[in-house]
Each structure stands twice: as C-alpha cells, then as structure tokens.
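**Q** Under our numbering, think of the first position of the sequence shown as 7, with each following residue one higher. Note that CB positions come from ideal geometry on N, CA and C, so glycine has one too. Please read these numbers as outputs of a predicted model, since none were measured by experiment. I have a structure here, written as structure tokens, and I will follow up with some questions on it.
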Amino acid sequence: MLDGICKNSGCNAIGCVGVFTLHAHLASLFSYLTTTLRPMAQFLAQNHLLTIFLVVGLGAFLGAIRFGPLRFGAAGALFVGLLVSAYSPQAGQGTAIIQQIGLAFFVYTVGIAAGSTFFSDLRKQTSLLGSAAIICVVGAVVATIGGHFLGLGKGLVTGLYTGALTAAPALDAATRVSGDPQAAVGYAFGYPIGVIVGIVVVTMTVTRKWLGEKDTPSLAGAGLDAVTVRVDRPILTRKITAWREGRVRMSYLQREGRTRVLIPGEELRTGDLVVLVGGTSAIAEVVEQLGTQVSDHLADDRSDVAFERIVVSSPDVAGRAIVELNLPTRFGATITRVRRGDLDLLARDDLKLNLGDHAAVVVPQEELDNVQSFLGDSERRVSEVDGMAFGIGMVLGMALGAIPFPMFGGATFQLGSAAGPLIVGMLLGALRRTGPLVWTLSASANITIRSVGLMLFLAALGLNAGPELVDLMLRPEGWKAAILATIIVAVCCAAQAIAGRYLGLSAPRTAGAVAGFLGQPAVLQAADARVADERIEAAYATLFAFAIIVKIFLVPFIWTL
7 MLDGICKNSG
17 CNAIGCVGVF
27 TLHAHLASLF
37 SYLTTTLRPM
47 AQFLAQNHLL
57 TIFLVVGLGA
67 FLGAIRFGPL
77 RFGAAGALFV
87 GLLVSAYSPQ
97 AGQGTAIIQQ
107 IGLAFFVYTV
117 GIAAGSTFFS
127 DLRKQTSLLG
137 SAAIICVVGA
147 VVATIGGHFL
157 GLGKGLVTGL
167 YTGALTAAPA
177 LDAATRVSGD
187 PQAAVGYAFG
197 YPIGVIVGIV
207 VVTMTVTRKW
217 LGEKDTPSLA
227 GAGLDAVTVR
237 VDRPILTRKI
247 TAWREGRVRM
257 SYLQREGRTR
267 VLIPGEELRT
277 GDLVVLVGGT
287 SAIAEVVEQL
297 GTQVSDHLAD
307 DRSDVAFERI
317 VVSSPDVAGR
327 AIVELNLPTR
337 FGATITRVRR
347 GDLDLLARDD
357 LKLNLGDHAA
367 VVVPQEELDN
377 VQSFLGDSER
387 RVSEVDGMAF
397 GIGMVLGMAL
407 GAIPFPMFGG
417 ATFQLGSAAG
427 PLIVGMLLGA
437 LRRTGPLVWT
447 LSASANITIR
457 SVGLMLFLAA
467 LGLNAGPELV
477 DLMLRPEGWK
487 AAILATIIVA
497 VCCAAQAIAG
507 RYLGLSAPRT
517 AGAVAGFLGQ
527 PAVLQAADAR
537 VADERIEAAY
547 ATLFAFAIIV
557 KIFLVPFIWT
567 L
C-alpha cells in the first residue's frame, strides 16, 4: 500500500517512509501533549482565582516585551487570557464578577484623575472635544455601513467598534444592550488592531514640527529658573505685572543684611536682594523692571530661612488652592513651585494641591516643623487610600450605573459598571473634596488601582472570549472583521490627527489627543517615549473620559440601526 501511494505521488519509497514516519511522530507528540496537559486544563477550570492571577502575571510579562516600537502593556493580559481560554474553555467560568470589579476600579480612577482637567479645560478645549465627538460618530457610521456591506452580525460589529477604538467601558454597554456574546468576541478581535494602528499614527504625529499657533508653550521645554536680583528702584510688588499675573513668584528677601521671606504685596526698596522663580522669559521681564541680576544666589544661605520640598499628605490641605492655605500669615512662609509627577509647576495662587505633590516651601527656620505638620510630609500616608471616600464614590457610581434610561422602542439602557463610576469619578474629581472627605487620590495610588483594575478586567475578558474568538478566526467572517476593525481605527485616528493640525494645536498635543481619543495607555506611552512634553498627557486626560462617554452612548445606536 505504501509503495502504491509513493508511486502515485511521484516519490520513492524511502522518501515516503520518511514522510509517514514524521507524521507518525507528530501525531504521537500531539497525543502526548493532549494527554499530559488535559489535567492542567481541568486544574485551571477548577481554580478560577489562581487562573486569573496566572493570566495577570503572564500578561504583565508579555506586555513588557517590546515588538519593535510596540509594547502591549496591560493588553498582554487580554492576549494571555485568550490563549488560556482557547486551551481550557471552562477556565473563564465564574470570572464575570471580577471583570466588572476591575472595570469599575479602572474607570472610577480615570474619572477622578481626569475630572478637574476636563471641566477646567471644557471652554478652552471646546473645539478639540467637538472634533472628538464628531469623529466618534464617524467611526460609528463606518462600523454600521461596513458591517452591513460585509454581512457581519450587529453584535460582532458593535464589539468591533468598541475594540478597534479600545473602549473597554463601551464593551460593557455593548454587552448589556445586545445581549450577544459576539460583542466580546468582536472587542477581543479588534483590540490589538486598534493598539497597533494607534501606535503607528501617534508615532508619525508626535515628532512633526507643528508649533501650534493656538497652543500654549510646553512647560517641559521651558522649565523653571531661580535667580537673585538687586533692586535699583523702589516698587510695590503689586505693580510688577508678571508677579500680579502669576508668572513669577518671589521668595527670599534680604534687607540691611537680614534675610527673611518676602511678604506678598510689600514694597521693595533700593538695595534689596530678592529671589525670583519662574520661566526664563518672565524672569527676564521682571529683572529689567527691578534692577540687576547678581551672581551670588540668596537661596544658598539657609541660616535664617529654610528651603524644603514637603510632601502634601494632609487631607485638610489636599484639594485646596495655595492662596487658601494662607501660609504667609500663618507661618511667614511661601510656596514657590510644586513637583507633580515628573513636572515642576509654578505655585500660582489658584493652583490646587493634590495628595502626593511635593511643595517647594521657603520658610523661617523656626516655623519649618509647623509647616511640615500642616502639609503632612508623610510618604506613607500618601500611599494609603481613604477607604471611606473611595467606597462612597464607588457606591455612587454603581448606583448611577443601575438606573435604567429609556431607549427607542420602549427598551431601557443602563450605564452599568463602566459609565456610572466614570461619570461619578469625573464629578468627584472636579470637586476634589466635600467637607472632610477627600475624593482625589495620590498619583501613585491612582495609577496602582487603575493598573490592577485594567489588568483584572482584560484578563477576565480574555478568559471569557477565547473560544468564540478562535471560532471567529476559523470562519470566513474572520478576514472581514479584520478589515472592518482596521478601517474604523485608521479613519478615526487619522481624522483626529488632521483635526488637531487644523485646530492650531502642536504635534505633541495632537498626539496626546489621538491617544486620549482611543483611551489607550499603550498609545500614550508610545508618544511619551519619543517626546517629553506635558501637553501630551494634558490632551490625553481631556479626551479620555469624554471620548469614552460618547462611545458608550453611541453603542445603542449602532445596535438599533
């Protein structure tokens, strides 16, 4: 028989024996692996918590690996979850509640962080927000028309829209509205496509030489300087334009050989030495108005006046503007700059302090301990989370998410664990505090809770969507879904980049807007890795929550049209 097969195939017997031997070995290997790994699949299916943390750990490892310019970050948990569930379809049972908790943690902390920025920039960024809303609608139209043209189901199309635009909260809305498991499959299928296309568009945008005639200059590029000036003519500080507008701060004052902290509004006399803190151009303007810059820096002498960076950890201080603290009257002290994350901010009177900020304080030596106690100065306390405030915020968010809203045709729609906590988080983030409750979180605590929540959500999502995703990839609809997802994200990202260019925004802010439109940390990271500019994160925060909300409310329309 073997000889007959060999003759028909045109091969000699020796070659055919080799082929059949290789096939036999591969079949034996597959049978061995199946037999050996079956107990492992059963073990994972019986231990859901172990499985989800295994997926989180392996996903974090995969997310840290660079594939050229691409690094998946938290999305690694999604891909590992898909692989595990494809191998063990029962591994995802019982993880739905973990998926909801992770999503709620993620969106609530995003809302808390973005709330103040969103509402403060609402008027200044109206055109950018409007463009993002229009582009979200364009993406929904593309998804609807493309899905109809390619013959894809509405549940799958809705999932592809949320996945290609990497809107995890919108997936929750899609699942609730459609009740179709194909929505999660479409999300898992479109998500990696959205990440890859988003990184490509941002990488091409962020290094462009768009100065942005309507954009504000970058603080990261300018930085803050501190110089000592000798006053050549008497002048009231209130008459110094840059000081009155908050572009310069004054700290040390030496008069008749005695050094102290300058009192806001007092008169400067001829022969005084004063320290100025601000941007280079603002300092040059004030030096020309006051007198002459001297080489000996007054701040180097700490015998009478101390200069310390103090951590803001007191709940009584967090969320309050610097002018509300009344430090000059209480302690004879002043704050000149605030270190927030990796950025130095000039301590304007209207700047509100956050937990975890490092305030640069100029204070008399005898009042240093009192100022430290007043601001908190505890790294440990900053790392702690106010359980009462966090719990109340989450309860309010989940309660809002449980309220049914009417839809077309008499149906109802709930915001769910995605939009509810997000909207409440934004409102509380804008309030910052209510009486003794401080809603804001320190940057480190916020990022930690956000990262853990996102990893848990994506891991549970992957564990639940794996079998259906494999089935989709093996069906003819697979290539159609890939084409539609690519078109959706490419059209939307390119349109957002073009909109930023014609709105007069700089290239870094435009790149941040693309990342914020997608709401994708991996895309933001790609921009930050190439250019150090705070406008990237500012635009990201402005559009992040807004774009998510628009996508959530567009999901029912995609399903019903």
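So, with DSSP's three-state summary, where would you put F36?
**A** Here residue 36 is taken as the residue at index 30 of the sequence shown, counted from 1. Only weak support is given to the placement of F36: the predicted model assigns it a pLDDT of 47, under 50, and the value that follows is read from those uncertain coordinates. Looking at F36 - three-state DSSP - the assignment turns out to be helix.
**Q** Below 8 angstroms on the Cβ atoms is my guess for G403 versus P427; work out the distance and round it to an integer in Å.
**A** Start at 1 with the first residue of the sequence shown, and residue 403 comes out as number 397. Start at 1 with the first residue of the sequence shown, and residue 427 comes out as number 421. Confirmed, about 3 angstroms.
**Q** Under a three-way DSSP split, which group does F550 fall into?
**A** As a working mapping, residue 550 is identified with position 544 in the sequence shown. Three-state result, F550: helix.
**Q** Of the residues D221, R244, V283, which one's Cα is nearest the Cα of V235?
**A** Counting from 1 along the sequence shown, the entry for residue 235 is found at position 229. Closest by alpha carbon: V283.
**Q** Apart from the five residues just before and just after A110, which ones in its own chain have a Cβ nearer than 6 angstroms to its Cβ?
**A** Residue 110 sits at position 104 when you count from the first residue of the sequence shown. Once the five neighbours on either side are set aside, the close Cβ partners of A110 are S423, P427.
**Q** Give me the DSSP bridge partner(s) of V365.
**A** Stepping through the sequence shown from its first residue, residue 365 is reached at position 359. Contrary to the premise, residue 365 reads as Ala rather than Val in this sequence. For A365, which the question treats as bridged, DSSP gives the partners I316, V344.
**Q** For the beta strand (DSSP E) containing T265, name the first residue and the last one.
**A** The residue you call residue 265 lines up with position 259 of the sequence shown. Note, T265: beta strand (DSSP E), 264-267.
**Q** What would DSSP say about D322, mapped onto helix, strand or coil?
**A** One-based indexing of the sequence shown puts residue 322 at position 316. Of the three classes helix, strand and coil, the one that applies to D322 here is coil, per DSSP.
**Q** What do you get for M256, buried or exposed, if any count of 16 or more other CB atoms within 10 angstroms of its CB means buried?
**A** The residue you call residue 256 lines up with position 250 of the sequence shown. When all chains shown are included, M256 counts as buried.
**Q** Find out if the Cβ-Cβ distance for the pair Q378, D310 is shorter than 8 angstroms.
**A** For the purposes of this step, residue 378 is identified with residue 372 of the sequence shown, where counting begins at 1. For the purposes of this step, residue 310 is identified with residue 304 of the sequence shown, where counting begins at 1. In this structure, D310 does not lie closer than 8 angstroms to Q378 by Cβ.
**Q** Please state whether DSSP places G108 in a helix, a strand or coil.
**A** Here the question's residue 108 lines up with position 102 in the sequence shown. It is helical.
**Q** What's the C-alpha gap between T172 and M432?
**A** For this step, residue 172 is matched to residue 166 along the sequence shown. For this step, residue 432 is matched to residue 426 along the sequence shown. When rounded, the distance between both Cα atoms is 20 angstroms.
**Q** What is the DSSP secondary structure of D350, reduced to helix, strand or coil?
**A** Position 344 of the sequence shown, counted from the first residue, corresponds to residue 350. D350 falls in the strand class under three-state DSSP.
**Q** Find the nearest neighbour of G364 within the set D375, I316, N332, judged by alpha-carbon distance.
**A** The sequence position of residue 364 within the sequence shown is 358, counting from 1. Note that residue 364 is His in the sequence shown here, rather than Gly. When each option's Cα is compared against that of H364, the closest is I316.
**Q** Drop a sphere of 10 angstroms on the beta-carbon of G204, count the other beta-carbons inside from all chains shown, and report buried for 16 or more, exposed for fewer.
**A** In the sequence shown, residue 204 corresponds to position 198, counting from 1. With 16 or more other Cβ atoms within 10 Å, it is buried.
**Q** What are the boundary residues of the beta strand (DSSP E) that F411 is part of?
**A** In the sequence shown, residue 411 corresponds to position 405, counting from 1. Run containing F411: 410-412, per the beta strand (DSSP E) assignment.
**Q** Can you tell me whether P427 is helix, strand or coil according to DSSP?
**A** Numbered from 1 along the sequence shown, position 421 holds the residue referred to as residue 427. Helix.
**Q** I think T211 touches T566, with their Cβ atoms under 8 angstroms apart; what is that distance to the nearest whole Å?
**A** For the purposes of this step, residue 211 is identified with residue 205 of the sequence shown, where counting begins at 1. For the purposes of this step, residue 566 is identified with residue 560 of the sequence shown, where counting begins at 1. Not confirmed; about 34 angstroms, so no contact.
**Q** If you count every other CB in all the chains shown that lies within 10 Å of the CB of E483, and 16 or more means buried, which is it?
**A** Walking along the sequence shown from the start, residue 483 turns up at place 477. Per the 10 Å Cβ criterion, buried.
**Q** May I ask you to list the residues that DSSP assigns as paired with A327?
**A** Your numbering for residue 327 matches position 321 in the sequence shown. DSSP, once it has assigned bridges, lists K358 as partnering A327.
**Q** In its own chain, which residues sit with a C-beta less than 8 angstroms from the C-beta of F36, not counting the 5 before and 5 after it?
**A** As a working mapping, residue 36 is identified with position 30 in the sequence shown. Interpretation of F36 is limited by its pLDDT of 47, a score under 50 that renders its predicted location unreliable; the figure taken from the coordinates is listed afterwards. There are no such residues.
**Q** If you pair each beta-carbon of the stretch 160-172 with each one of the stretch 188-198, do three or more pairs fall below 8 angstroms?
**A** With the cut-off at 8 angstroms, the stretch 160-172 and the stretch 188-198 touch.
**Q** Helix or strand or just coil, what does DSSP make of C12?
**A** Against the sequence shown, residue 12 aligns to sequence position 6. Because the pLDDT of C12 is 49, which lies under 50, any placement of that residue in the model is unreliable, and the number read from its coordinates should be weighed accordingly. Here C12 sits in helix by DSSP.
**Q** Can V293 and A533 be called in contact, C-beta distance under 8 angstroms?
**A** Against the sequence shown, residue 293 aligns to sequence position 287. Against the sequence shown, residue 533 aligns to sequence position 527. Taking 8 angstroms as the Cβ cut-off, V293 and A533 do not qualify as a contacting pair.
**Q** How would you label D306, buried or exposed, when you count the other beta carbons within 10 angstroms and need 16 or more for buried?
**A** For the purposes of this step, residue 306 is taken as the residue at position 300 of the sequence shown. The residue is exposed, with fewer than 16 neighbouring Cβ atoms inside 10 Å.
**Q** Alpha carbons only, please: which of L55, Q52, F85 is nearest the one belonging to F67?
**A** By 1-based counting over the sequence shown, the position of residue 67 is 61. Selected option, being the one with the closest Cα: F85.
**Q** Of the residues A119, G397, V61, P514, which one's Cα is nearest the Cα of V537?
**A** For the purposes of this step, residue 537 is identified with residue 531 of the sequence shown, where counting begins at 1. Per the Cα distances, P514.
**Q** Under DSSP, the beta strand (DSSP E) around T298 begins and ends at which residues?
**A** In the sequence shown, residue 298 corresponds to position 292, counting from 1. Counting along the chain, the beta strand (DSSP E) containing T298 begins and ends at 297-300.
**Q** For G152, I'd like the list of residues in its chain whose CB is within less than 7 angstroms of its CB, leaving aside the five on either flank, ordered along the chain.
**A** Here residue 152 refers to the residue found at position 146 of the sequence shown. Cβ within range, chain order: L490, I493.
**Q** Put T516 into one of helix, strand or coil per three-state DSSP.
**A** Against the sequence shown, residue 516 aligns to sequence position 510. It is helical.
**Q** What does the alpha-carbon distance come out to for the pair L361 and V368?
**A** Within the sequence shown, the letter at position 355 stands for residue 361. Within the sequence shown, the letter at position 362 stands for residue 368. Roughly 20 angstroms between the two C-alpha positions.
**Q** From I453 to A465, what does the alpha carbon distance come to, in whole angstroms?
**A** Looking up residue 453 in the sequence shown gives position 447. Looking up residue 465 in the sequence shown gives position 459. Rounded to the nearest angstrom, the two C-alpha atoms are 18 angstroms apart.
**Q** With 16 as the cutoff for other CB atoms within 10 Å, does F73 come out buried or exposed?
**A** Mapped onto the sequence shown, residue 73 falls at position 67. The residue is exposed, with fewer than 16 neighbouring Cβ atoms inside 10 Å.
**Q** Taking DSSP as the reference, what is the three-state secondary structure of Q211?
**A** Position 205 of the sequence shown, counting from 1, holds the residue named residue 211. In the sequence on display, residue 211 carries Thr and not Gln. DSSP places T211 in helix when its eight states are reduced to three.
**Q** For the structure I just gave you, are there three or more beta carbon pairs, one from the stretch 327-342 and one from the stretch 444-453, closer than 8 angstroms?
**A** With the cut-off at 8 angstroms, the stretch 327-342 and the stretch 444-453 do not touch.
**Q** If we call anything under 8 angstroms between Cβ atoms a contact, is F78 one with G87?
**A** Indexing the sequence shown from 1 puts residue 78 at position 72. Indexing the sequence shown from 1 puts residue 87 at position 81. Cβ atoms of F78 and G87: not closer than 8 angstroms.
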